[in-house]
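J.: Numbering (the UniProt record's numbering), first residue to last: 1 to 143.
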Amino acid sequence: MLLQANGFLLLGALLTALAGVLHFACIFWGARGFQVLGAGEQLVAMAARRHWYPPVVACAIGCVLLLWALLTLSAAGLGPQLALAKWAVLLITLVYLGRALAFPWLKRVIIGNSERFWHLSSLLCLGLATLHGVGLAQVWQAA
Numbered sequence: 001m002l003l004q005a006n007g008f009l010l011l012g013a014l015l016t017a018l019a020g021v022l023h024f025a026c027i028f029w030g031a032r033g034f035q036v037l038g039a040g041e042q043l044v045a046m047a048a049r050r051h052w053y054p055p056v057v058a059c060a061i062g063c064v065l066l067l068w069a070l071l072t073l074s075a076a077g078l079g080p081q082l083a084l085a086k087w088a089v090l091l092i093t094l095v096y097l098g099r100a101l102a103f104p105w106l107k108r109v110i111i112g113n114s115e116r117f118w119h120l121s122s123l124l125c126l127g128l129a130t131l132h133g134v135g136l137a138q139v140w141q142a143a
């Protein structure tokens, strides 16, 4: 079954799951974890004060990313074949692409994140959009 899976979608799912796990890890690492991953000073300070907001946001993003990984694995041909998984992966691809391309506008609205965060996360989103898009095109072409 693993040999029949789409490699691009499999890698995209694994990297998405890793991103989700890193968001959960921030909850346990605390302020230092948020800082290492490039969160803004305000969010890091809130985490240092043990404010409720940073872990809730990290948990929400982590949950979304793990759901996306599950849907991508399904579209890749692994695990349960979830209804509309391929269409969901198309939307996921568009979200990643939109996030990657919109960072110049987003960083004007979401103040406080480091330049490293914006550039690295945008590059990662572009890479994930590419993996998901190429893999999805292959899966649809094979159908």
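The beta carbon of each residue, even a glycine, is placed where N, CA and C say it ideally should be.
The model shown is predicted, which means the values in this text are computed figures rather than measured ones.
State yes or no: is the C-beta of G38 within less than 7 Å of the C-beta of R116?
T.: On the sequence shown, position 38 is the one that residue 38 refers to. On the sequence shown, position 116 is the one that residue 116 refers to. Yes; because the gap between Cβ atoms is below 7 Å, this pair is in contact.
J.: Terminal residues of the continuous alpha helix (DSSP H) containing L91?
T.: Indexing the sequence shown from 1 puts residue 91 at position 91. L91 -> alpha helix (DSSP H) spans 85-101.
J.: Name the residue from C59, L66, G112, W118 whose alpha carbon lies nearest to the alpha carbon of L14.
T.: Locating residue 14 in the sequence shown gives position 14, counting from the first residue. Of the candidates C59, L66, G112, W118, the one whose C-alpha sits nearest the C-alpha of L14 is L66.
J.: Could you tell me the boundaries of the alpha helix (DSSP H) in which I61 lies?
T.: Locating residue 61 in the sequence shown gives position 61, counting from the first residue. Unbroken alpha helix (DSSP H) run through I61: 53-76.
J.: So is W80 buried or exposed if we call it buried at 16+ other beta carbons inside 10 Å?
T.: Taking the first residue of the sequence shown as position 1, residue 80 is located at position 80. Before going on, a small fix: residue 80 reads as Pro here, not Trp. Under this definition P80 is an exposed residue.
J.: If I measure Cβ to Cβ from G33 and keep anything under 7 Å in the same chain, skipping five residues before and after, which residues do I get?
T.: For the purposes of this step, residue 33 is taken as the residue at position 33 of the sequence shown. The answer, listed in chain order, is A25, C26.
J.: How about the segment 90-107 and the segment 128-143: do they share at least three Cβ pairs that are nearer than 8 Å?
T.: Because the criterion of three Cβ pairs below 8 Å is met, the segment 90-107 and the segment 128-143 touch.
J.: Quick check: is the beta carbon of L94 nearer than 7 Å to any beta carbon in chain B?
T.: You won't find chain B in this structure, because it holds only one protein chain.
J.: Measuring straight from C-alpha to C-alpha, what distance separates H51 and V21?
T.: If you number the sequence shown from 1, residue 51 lands on position 51. If you number the sequence shown from 1, residue 21 lands on position 21. Taking the straight line from one Cα to the other gives about 21 Å.
J.: Out of Q138, L128, S114, state which residue places its alpha-carbon closest to the alpha-carbon of V36.
T.: The residue labelled residue 36 in the question sits at position 36 within the sequence shown. Of the candidates Q138, L128, S114, the one whose C-alpha sits nearest the C-alpha of V36 is S114.
J.: Decide if G12 is buried, meaning its Cβ has at least 16 other Cβ atoms within 10 Å, or exposed.
T.: For the purposes of this step, residue 12 is taken as residue 12 along the sequence shown, with counting starting at 1. G12 comes out buried.
J.: Under three-state DSSP, which class holds G82?
T.: Along the sequence shown, read from residue 1 onward, the residue named residue 82 stands at position 82. First, the residue type needs correcting, since residue 82 is Leu and not Gly in the sequence shown. Looking at L82 - three-state DSSP - the assignment turns out to be coil, as it is neither helix nor strand.
J.: Got a sec? Which residues, its chain only, sit under 6 Å from G40 by beta carbon, not counting five neighbours each side?
T.: For the purposes of this step, residue 40 is taken as the residue at position 40 of the sequence shown. Around G40: G112, N113.
J.: In the DSSP assignment, find the alpha helix (DSSP H) that holds I27 and state where it starts and stops.
T.: Counting from 1 along the sequence shown, the entry for residue 27 is found at position 27. Segment 7-29, the alpha helix (DSSP H) holding I27.
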